[in-house]
Every structure is written in structure tokens, then in C-alpha cells.
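S.K.: First the structure, then my questions, so here it is.
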Amino acid sequence: MSVAGNPLEFPKIPPQEYRQRWQCVQALMTDQALDLLIAYGDDRATFGAAHIRWLANVPVHFEPLCVLLPPAGSPVLLSGAESDEYARLIGEIPDVRVLREFTHPDEDYPFSTIQSLTEIITACGIDPAGVKRVGLAGRGLMGADLLAVFQKSLPEAVWLDVEPAMCCLRSVKTAAELEVIRFSYHIAEIGLLAAVDAISPRITERQVAAEAEAAMRRAGAEGTGIDTIVASGSNTRPILARSTFRPIENDVLLTVAPRYEGYHAAIGRLVLVGNPSPEVRRALEVAIRAQQACHQALRPGVEGRQVEAVGRRVVEEAGLGSYFLYSGIHSVGVIEFEPPIFGPSSSEMIQEDMVLSVDIPMFNASWGGLRVEDGYRITATGCERLEEVPHWFEK
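Just so it is clear: in the sequence shown, position 388 is 375 by the numbering used here, and no numbers are missing.
Below, the structure is given as C-alpha cells:
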């Protein structure tokens, strides 16, 4: 892997891999006897673009996009009138059609060919009346009006939620995906260390976040999977803190999650500043022990909740279990925290070539909050840690 400052060799997903993904989805369609599959995406930063990025390699922005997959042959990408040429330029689906429902109602597009869903399906050689079973991925993102229009366009069809099945197709990563994700963790290391270097009593949380994000952009990030978290003092207490104009106080919580080529990494640390309380020091020591215990337990062929329970038990035995507020292990990919998620209620199995984030959380405590989060690739016999950032920082 290239070192920052030297000429970079940026890994990418090869075009042929997208064709293989379409074939995997079409195999799923065969298994579920689907006549059509529609995958919806929008520009909600955390999870909105997942299906579109995975199937078409188009970053969704401003207008929604849909991938329309027939049982055989190539997919069609549905866009608004301001996204179609961009999608053709950079995406992996050459057939891009402008869908009427994705155009702005107050805007005129005199030189665009704008069609309804029924017209597009018919133009693709599919008889809408013959479509009896439609799989829909991303249904939870869609507004009620758009869903109603889609359903009216195919009145004879039964609509089936294929979101879990589509997410399952992404759970085990290819060799190309692993290289892209590994590079994303390299970027995350750079961002987190830049944030640590920037921390001082006279700087604000938002300035620290700016240093982290600038460093990650220079290293190749296209954005972030979640907003960069820089939280200090009492601002560390909530799970989802955001940076403010607060000057840095004791105990700075950092979480960086860069997005590179559509894929993510996530690293979380607590940086001790000044004279932190004994409670905070002890909590951090416990969280690091829990992270290391999960690291040792990660391997394929076991239920993920068994590994999560190892870390949770370390925290509980230290009397801090009431601060472990969410599932401690989740997958990482085109969503920063995508399925499968391995919490106490999950029976999902860990598999080789999954990429998992182990996130040991302690939040809503009287002394504040923290997380120690690392990423791992599951190997044939155990796991590979994807970054080498120290667990303990003190300034």
C-alpha cells in the first residue's frame, strides 16, 4: 500500500465485477420467481446510496436513482433529468432512462426524454401486464407517493421486500472489495492521526474535525459514511455526538468513517487530554480489553453474537455493562454499518472474507462516553486487523 505523499495506486472495483453482481441478483430472482427487481437509492449519506453504488457504481446525489433488473440481460438505470449524463459517464450501466417521478416538479427539461415507469418497462421489451412478482430493495427509503406510483404502474404484480436478501449478497467480500476496503482503512488511519495531532486546549471540536477530513480527502476519500465525530467533555456522552464550536476539553472522542470508491472504514478512539478522571481511565482500559478479547475470538463458522458476548462480558464484569448500549459488531461495506449486524438477538454466522467492525461502546455515563472501534477481515482461521492505530492516546 502506498504511503501518503508518494504516488498512489488507487484500488478500484473492476467493471466485470458489476456484471457478476447483476448475475447474482438474477439468480436470486430465479430463486424467488421474480419477474422484475427494482433497487432504489437516494442521497441519504449513511445508507441511501448502497444498492445503486453496488450495482451501478454511481454516487447518488440530488436526485434518486433506481436499478431495474429483468430476469436475464442487462439492467436499466432510472434517473432524474439532471443525473442521466453523469450516470452514463461514470457508471457501469450504460442504459440510463429519465423517470418522470424523479424530475423536479417545478423545473422544465425541454431536451430530455422523460418517461413513466410503464413506458420504460415496455421499451425494455417487458409487458407490464405480465409482471406478476416484483422484488423491491430499498423500500424503506421510498416515500409513500413514489411507492404508490410504482405499484400502480404494475397493477397485476405482488411486491416483495427483497432488502434482506440483497444485503446478504454483499456480506462476503470479493478480493477487489477487500483491497478497496483495506485502502479505506488506510485513509481512516490518516484521518484519525491528523485529528489526534490537531487536538489542543485552544482548538474547537469542529477545527479538529476539519483537519481529519482534509487529511482523508487528500489521501483519496470521496466523503464519509457518517459525519466525523469529534466530541469533548460532556459532549462525549451521547452515542451520536457531532462536532461543535466547543473548545477542546478533557476526553476527546474521535470516530472517523471515510468513504472510498463507495466503501467504508470506521475507527473510534478516546483521546485523554489534560487530567482525565480515574473513572474515564478505567473505562477506557476496560474497553480496550474488550476489543482485544473480541479480536482473539473472531473467526469464521461461529455466531457473531458469541464473539460480541465476549466483549460485552468484559464490560459487564467491570460493572460498566449498562453503558454498552448497542450491538457491538457489524459488517462494513457500501454502508458504514451494513447487515449483518451481530448483536445479542442475531443468529447470523461469521464467514470468511466478511469485513467486520468491532465497536466497544460506553455511553450515557455520568463521566461521559467512549468507543474503541477497529475493523477486521475474517480469514480462514481467524481475522486480520485492518488498521494499526494505537488504542491509547494521551495528550
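All C-beta atoms, glycine included, are put in the ideal place defined by N, C-alpha and C.
Just so it is clear, the structure is predicted and the values come from calculations on it, not from any experiment.
1) Rounded to whole angstroms, what's the CA-CA distance from W9 to A152? Just pull it up for me.
2) Between which residues of its own chain and N351 is the CB-CB distance below 7 Å, once the five residues before and five after are set aside?
3) Helix, strand or coil for V301? Go by DSSP, reduced to three states.
4) Only counting the same chain, and skipping five residues up and downstream in sequence, which positions put a Cβ closer than 6 Å to that of I168?
5) Within the continuous beta strand (DSSP E) that includes Y27, where are the two ends?
6) Among V319, M349, G298, which one has its Cα closest to the Cα of P331?
7) Where does the unbroken beta strand (DSSP E) through R372 begin, and where does it stop?
8) Assuming I337 and G288 make a contact with CB atoms under 8 Å, what is their CB distance in whole Å?
9) Residues in the same chain with beta-carbon distance under 6 Å from L23, minus the five sequence neighbours each way, listed in chain order, please.
10) How many Å lie between C53 and I174 at the Cα?
11) Where does S318 sit, in a helix, a strand or coil, going by DSSP?
12) Please identify the residue among P46, A74, A280, E164 whose C-alpha is closest to the C-alpha of A296.
13) Identify the continuous beta strand (DSSP E) that holds T90 and give its terminal residues.
14) Tell whether a beta-carbon distance below 7 Å holds between G308 and V301.
15) So is W41 buried or exposed if we call it buried at 16+ other beta carbons inside 10 Å?
16) Compare the Cα-Cα distances from V12 to each of Q3, P58, F49 and report the closest residue.
17) Can you name, in chain order, every residue of its own chain whose Cβ lies under 7 Å from the Cβ of V273, other than the five neighbours on each side?
18) Give me the Cα-Cα distance between E236 and I190, rounded to the nearest whole angstrom.
19) Closest to H48 by C-alpha separation, out of L64, F380, L56, R31, would be which residue?
20) Check whether the region 62 to 74 and the region 83 to 98 touch, using three or more Cβ-Cβ pairs below 8 Å as the test.
21) Measuring CA to CA, which of E339, L357, E381, S353 is closest to Y363?
22) Could I get the ranges of all uninterrupted alpha helix (DSSP H) runs contained in the region 174 to 258, with 4 residues as the minimum, in chain order?
23) If you run the structure through DSSP and keep just helix, strand and coil, what is W146?
24) Would you check if there are 3 or more beta carbon pairs closer than 8 Å linking the region 128 to 148 to the region 202 to 217?
M.R.: Per the coordinate set shown:
1) Position 22 of the sequence shown, counting from 1, holds the residue named residue 9. Position 165 of the sequence shown, counting from 1, holds the residue named residue 152. Each residue's CA atom was taken as its position, placing W9 and A152 some 14 Å apart.
2) For the purposes of this step, residue 351 is taken as the residue at position 364 of the sequence shown. Counting only Cβ-Cβ distances below 7 Å, and skipping sequence neighbours, we find R224, Y310, L312.
3) On the sequence shown, position 314 is the one that residue 301 refers to. V301: helix per DSSP, three-state reduction.
4) In the sequence shown, the residue the question calls residue 168 occupies position 181. Taken in chain order, the residues that qualify are Y250, V342.
5) Here residue 27 refers to the residue found at position 40 when the sequence shown is read from its first residue. Here the beta strand (DSSP E) through Y27 covers 23 to 28.
6) Counting from one through the sequence shown, the residue named residue 331 turns up at place 344. It is G298.
7) Start at 1 with the first residue of the sequence shown, and residue 372 comes out as number 385. Note, R372: beta strand (DSSP E), 370 to 372.
8) Here residue 337 corresponds to residue number 350 of the sequence shown, with the count starting at 1. Here residue 288 corresponds to residue number 301 of the sequence shown, with the count starting at 1. Correct: roughly 7 Å between the Cβ atoms.
9) Along the sequence shown, read from residue 1 onward, the residue named residue 23 stands at position 36. V118, V121, listed in sequence order.
10) For the purposes of this step, residue 53 is identified with residue 66 of the sequence shown, where counting begins at 1. For the purposes of this step, residue 174 is identified with residue 187 of the sequence shown, where counting begins at 1. Cα to Cα, the separation comes out at about 30 Å.
11) Position 331 of the sequence shown, counted from the start, is the residue given in the question as residue 318. Correct three-state label for S318: strand.
12) As a first step, residue 296 is located in the sequence shown; it is residue number 309 there, counting from the start. Comparing Cα-Cα distances from A296 to each of P46, A74, A280, E164, the minimum goes to A280.
13) One-based indexing of the sequence shown puts residue 90 at position 103. It is not in any beta strand (DSSP E) - T90 carries neither H nor E in the DSSP assignment.
14) On the sequence shown, position 321 is the one that residue 308 refers to. On the sequence shown, position 314 is the one that residue 301 refers to. Contact: no.
15) Position 54 of the sequence shown, counting from 1, holds the residue named residue 41. Buried is the call here.
16) Locating residue 12 in the sequence shown gives position 25, counting from the first residue. Ranking Q3, P58, F49 by Cα distance to V12 puts P58 first.
17) Position 286 of the sequence shown holds residue 273. V301, V302, A305, L307.
18) Translated into positions along the sequence shown, residue 236 becomes position 249. Translated into positions along the sequence shown, residue 190 becomes position 203. Distance between the alpha carbons of E236 and I190: 10 Å.
19) For the purposes of this step, residue 48 is identified with residue 61 of the sequence shown, where counting begins at 1. Of the listed residues, the one whose Cα sits closest to H48 is R31.
20) yes
21) For the purposes of this step, residue 363 is taken as the residue at position 376 of the sequence shown. Closest by alpha carbon: E339.
22) 192 to 206
23) For the purposes of this step, residue 146 is identified with residue 159 of the sequence shown, where counting begins at 1. Collapsing the DSSP output to three states places W146 in a strand.
24) no
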